[in-house]
Each structure stands twice: as structure tokens, then as C-alpha cells.
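Each residue of the sequence shown is one higher than the last, beginning at 386 in the numbering used here.
Where a beta carbon is used, it is the ideal one built from N, C-alpha and C, also for glycine.
Note that this is a predicted model, so its numbers are computed, not measured.
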Amino acid sequence: MTQSKDVLICGSMAFDTIAVFEGRFRDHILGDSPKSLSVSFFVPTLRKEFGGCAGNIAYNLKLLGGHPVPVGTVGQDADDYLQRLRSLGIDTSLVRVLPDTYTAQCYITTDQENNQIASFHPGAMQYSADNDLTGHAASWAIVSPDSKDGMFVHARRLHAAGIPFVFDLGQAMPLFDGADLRQMLEMASILTANDYEASVIEDRMGQPITAIAAGLKAAVVTRGAEGATLYYEGKEISIKPSPVSRVVDPTGCGDAHRAGLLYGLVNGWPLPDACCLANVMGGFKIESQGPQNHSPSRDQIMAVLDQHYGVGAGSIA
């Protein structure tokens, strides 16, 4: 029997509403410690983005020709998001719609100095633990930021089913103490984190990342413009950054990176090669505004992978 190439993408699905204030917040918030605050900002520029970790990872994996199956909860306002995913050929059978809620969403106002005022409504994401992935075959999965209960429930079900998964702590970092991290990593196969998250994980677990990686198949730490580090089989392998023509928006770069890693894992690539593809995907994303607006072809992706890392054209199946 041929093993399924589906990848279960457990995580949040959200809308990001981003407004731009063409001034400076500090010119309108006066005094060292105001007793009350009531301000209004005129925001002529407004955009709404499809987002959330599960949605972003699924989008990027589909660009590679992969088979993502997002596992998430959305609300009564998600019709356009679901229609978009389906139009891209993404399986939405494990996206649960909760009609009495709204989809998770973040409202962000940014000023000309790149300061931000943000509000986050978790909405349907709060009920992600009720979304049962049991019975769906997959070769790999990822547990990415979501409600804490949902992340643990998905991890336990994947572990029980024998489906290896990547654990991506990300924005859920404040929810996990050392005991939580140990419990999650006892089930996970690979840990992914950015360099700051990795330092927090080390602190909370009381172990260096090398020791943490020794108990896993691997750990991958992204380092922004410096590339990434793969901790694997007792070795520390530096993965140089992918070239970019311009830096526009880092939002969603981590999710694009995870998609490249997952594609390599599903297709049996050596882990260093999978990490190279991950860097390429992050590089394409950072050149575009928003988490799901870049659209390189597979040929373009492969050309960068081949020219910059020497991973040959026969690799992408």
C-alpha cells in the first residue's frame, strides 16, 4: 500500500486586519502616565489578510505541490477563506465551522514608525480541541500555534496514530511552561523555533538546544537573515540564508519555512536539503506583503534551490 502524502496542518486560521496611520502614535499619546486614554486615528490605508499558522503553512505547502490538510476551527464569517482554500485545491474536510462564533482575528494599527497597537480575538480557535483528526491517514503532521488545549489534543491523537509531527511553539510560547514542553516533546519528532523561542525553551527546560535535540529526530532553529541551524544526529549544521531581492514583510515567514521543511520530510529528503528548501520558501515570502500573497512557481523555487544550495532539479517529485 502506498503511504499517504497528506500532511495534517494543525493550527490557527485567522484574519488579520491591518490599518496604517500616517502619523506617529507618540504625538497623540501625551504625558508620562495618563489616568485615562481615549484616542482616535484616521487610517486611510486598510487591508484584510488571510492568515493563521495552519492557513499559511497549507498555502505554502500547496505552492510546492504538496498535499496539506489544515486542521482548524473557524467561525460563521469564514466562507471566503474556505472558498479560497478550495479554489487552490486544498482539502478543507478537517476545518470545522462553528456557526455561533467568529474566526480568530487580529486588528493591527501601525504608525509611520512601525509601532503597532493590536487587539486579538481568539473566536473559534478557543474550541480547536473539539476538532477530531482521528482516522485521517497522513505521512507527517505539524502542531503549530493554536489554543493550548487544542495543541495537546492534536499531539496526543497524532502520537497515538503513529503519525510523526513537527512541534512549532511560535506565538503559543507564553502558554507553555517547562513541564508542558517536556510533555509535548516526548510525543514530537522535530522541534522548530526561531532563535528567541529556542532560548526561551532552553531556559524553561533547563537544557541547551543540543541536549533537547538529542531526544528528537532533529531540531531546527531559524535565525532570520543569518539562515538556520539544524541540530541532527549529534551535529550542528548551519544552513545559509536564501538570497532575497528586497525585505518587505516578515509576517508569515516562519510558516513558509515550516512548509518547505514538511515537503522535504514527506518526500524523504535528507534533512539538510529539506532545511534548504525551507529557507528558500521563507525568502520568497519575505519579498511580499502579507502571509499569503507570494506565488512563486515550482520552477522558480527549484531554480533558487539548485543555484544557491546545489539541491538538484530531481529532488522535487
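DSSP, read as helix, strand or coil, puts Q490 in strand. Taking 8 Å as the cut-off, the beta carbon of D531 is found closer than this to the beta carbon of G396. DSSP lists A604 and E621 as the beta-bridge partner residues of Y616. Rounded to the nearest whole angstrom, the C-alpha separation of S504 and T494 is 9 Å.
Assigned with DSSP and collapsed to three states, F406 falls in coil, not helix or strand.
Separation of Y492 and R432 (C-alpha to C-alpha, rounded to the nearest whole angstrom) is 10 Å.
By the neighbour-count criterion, in which a residue is buried when 16 or more other Cβ atoms sit within 10 angstroms of its Cβ, E434 is buried.
For the pair of segments examined, the region 566–580 was found not to touch the region 622–634: the number of CB pairs separated by less than 8 Å stays below three. Between L570 and G600 a beta carbon distance of about 7 Å is seen, short of the 8 Å cut, so the two are scored as contacting.
When the beta-carbon positions are compared, I671 and I527 stay at least 8 Å from each other. V585 is the residue among V585, A659, V456 and Q674 whose C-alpha sits nearest the C-alpha of Q556.
Taking all protein chains in view, the Cβ of V424 is surrounded by fewer than 16 other Cβ atoms within 10 Å, so the residue is classified as exposed.
Annotation: R471 to V606 spans about 32 Å, alpha carbon to alpha carbon. Collapsing the DSSP output to three states places G437 in coil.
Looking at the DSSP output, T430 bridges to V405. Excluding five sequence positions before and after L646, the CB atoms of its chain that fall closer than 6 Å to its own CB belong to A659 and A663, given in chain order. Ranked by Cα distance from F427, the first of H413, H642 and G440 is H413. If you keep only unbroken alpha helix (DSSP H) runs of at least 4 residues inside the region 636–696, you get 638–651, 656–671 and 683–694. Under the three-state reduction of DSSP, V454 is assigned to strand. Taking the C-beta atoms as reference points, L449 is found nearer than 8 Å to A644. Nearest to N579 by C-alpha distance, out of R409, V633 and G637, is G637.
DSSP places I502 in the strand class (E or B) of the three-state scheme. Sequence-distant partners of R608 (beyond 5 residues in either direction) whose C-beta falls short of 7 Å from its own C-beta, in its chain, are D580 and T614. G436 is positioned such that its CB atom lies no closer than 8 Å to that of P455. If you draw a straight line from the Cα of K390 to the Cα of V405, it comes to about 41 Å. Each residue's CA atom was taken as its position, placing D485 and P593 some 44 Å apart.
Counting along the chain, no alpha helix (DSSP H) covers V629, and no H or E run does either. Around the Cβ of A540, a 10 Å sphere holds 16 or more other Cβ atoms; the residue is buried.
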